[in-house]
Structure formats: structure tokens, C-alpha cells
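For what it's worth, our numbering labels the leading residue of the sequence shown as 144, then goes sequentially.
Note that the Cβ used here is the ideal one computed from N, Cα and C, for glycine as well.
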Amino acid sequence: MKKLRLFAILALAAVLTAAFVIPNQSAFAQEEDERTYDRLELYYERLQLSAESLQLRLNQAGNILATTDELIATLEESGFDTTELVAARDAYAAAVQEAQAGLNNAVAILDGAAGFDENGEVVDPEVAIDTLRDGRLALRQAQIDFADATIDFRIALREIREAYAEEQA
144 MKKLRLFAIL ALAAVLTAAF VIPNQSAFAQ EEDERTYDRL ELYYERLQLS
194 AESLQLRLNQ AGNILATTDE LIATLEESGF DTTELVAARD AYAAAVQEAQ
244 AGLNNAVAIL DGAAGFDENG EVVDPEVAID TLRDGRLALR QAQIDFADAT
294 IDFRIALREI REAYAEEQA
């Protein structure tokens with residue numbers, strides 16, 4: 144009986160010791176958290192680069208609009224009807240402004256950096272995920288708006304060129 148009681152006390156001591164000595168989180172779980180944080184930080188950087196890239200393309204759209212204005216002036220001096228070209232240019236300019244507004248929204252979300260510190264490191268993963276999701280959706284919509292506007296403008300220019308070529312023939 145003494146042996147059984149001694150064994151029960153030792154077993155209870157071992158269980159209590161293990162409960163206080165063994166960490167609640169394994170080393171694998173800590174490593175997984177670090178990888179998750181690294182991935183979130185990398186994705187945050189990639190979204191910022193994508194926003195910068197879209198801003199450069201929107202700036203280039205301003206140059207395209209200026210060139211189109213010069214073309215319109217030249218064609219009007221030559222006596223061509225430029226109403227279709229002016230309409231296409233105005234539609235493109237409006238779509239570029241819409242894409243710029245969407246980009247500004249995405250940049251505001253990313254600059255708010257909820258869930259990240261000033262160095263871009265994750266401090267709250269759940270909030271960081273929400274920030275990345277919202278920023279990604281806003282940025283993607285701005286990219287789609289700009290791509291659609293560019294395609295529509297190119298199609299309109301091609302149709303106008305073909306119509307002018309037929310007039311000249």
C-alpha cells in the first residue's frame with residue numbers, strides 16, 4: 144500500500160511539474176507564427192509596390208491625354224471632325240480620375256497600416272490581415288478601372304483612325 148501511495152504522489156508531482164515546465168506553445172508553433180508574420184510583412188510591401196506602379200501608369204496617362212489634346216488641335220486645324228475623338232478623350236480622362244480616386248483610397252488604407260508598426264512589421268496579425276484584404280481589394284479595383292479605361296480608349300482610337308482612313312480614301 145505504501146508503494147502505491149508513493150507511486151501516486153510521484154505521478155501527481157510529475158504531472159504538476161510538467162504542467163508548469165512545458166511551454167504551452169511548441170517551438171513549431173512559434174516558428175509558424177514568425178513565418179506568418181514574415182508573409183504578411185512581405186505582402187504589405189508588395190501591395191505598396193503595386194500601388195506605386197499604378198501611380199506611375201496613371202501619371203503616364205496624363206501624358207497620353209496631353210498628347211491627345213495636341214492631336215485634337217492639329218486635326219481641328221486641318222478641318223477634321225474631332226467630336227468622336229474628344230468624346231473618347233473625355234471618357235478616358237474621367238476613367239483615369241476614377242482609377243486615381245480608387246488608388247488614393249487603397250493608399251490611404253495601406254498608409255494607415257493598421258496591424259503594422261512604423262517599420263512595416265506585424266504587431267496585430269488579425270488587424271493586419273484585414274488591412275491587407277481591404278487594401279488589396281481597393282487597389283485591385285483601381286487597377287481594373289484603369290485597365291478597362293485604357294482598353295476602351297485604345298479601341299476608340301483605332302475606330303477613329305479607321306474612319307479617318309476611309310474618309311481619306
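Need the endpoints of the alpha helix (DSSP H) that residue 310 sits in, please.
268–311
Which word fits residue 212, buried or exposed, when buried means at least 16 other C-beta atoms lie within 10 angstroms of its C-beta?
exposed
Considering only residues of the same chain and omitting the five flanking positions on each side of residue 248, which have a CB-CB separation below 7 Å?
281
Which word fits residue 246, buried or exposed, when buried means at least 16 other C-beta atoms lie within 10 angstroms of its C-beta?
buried
Could you compute how far the alpha carbon of residue 312 sits from the alpha carbon of residue 196?
42 Å
Alpha helix (DSSP H) segment containing residue 247, residue limits:
226–255
Since residue 223 sits in a beta bridge, which residues does DSSP pair it with?
In DSSP, residue 223 forms no bridge with anything.
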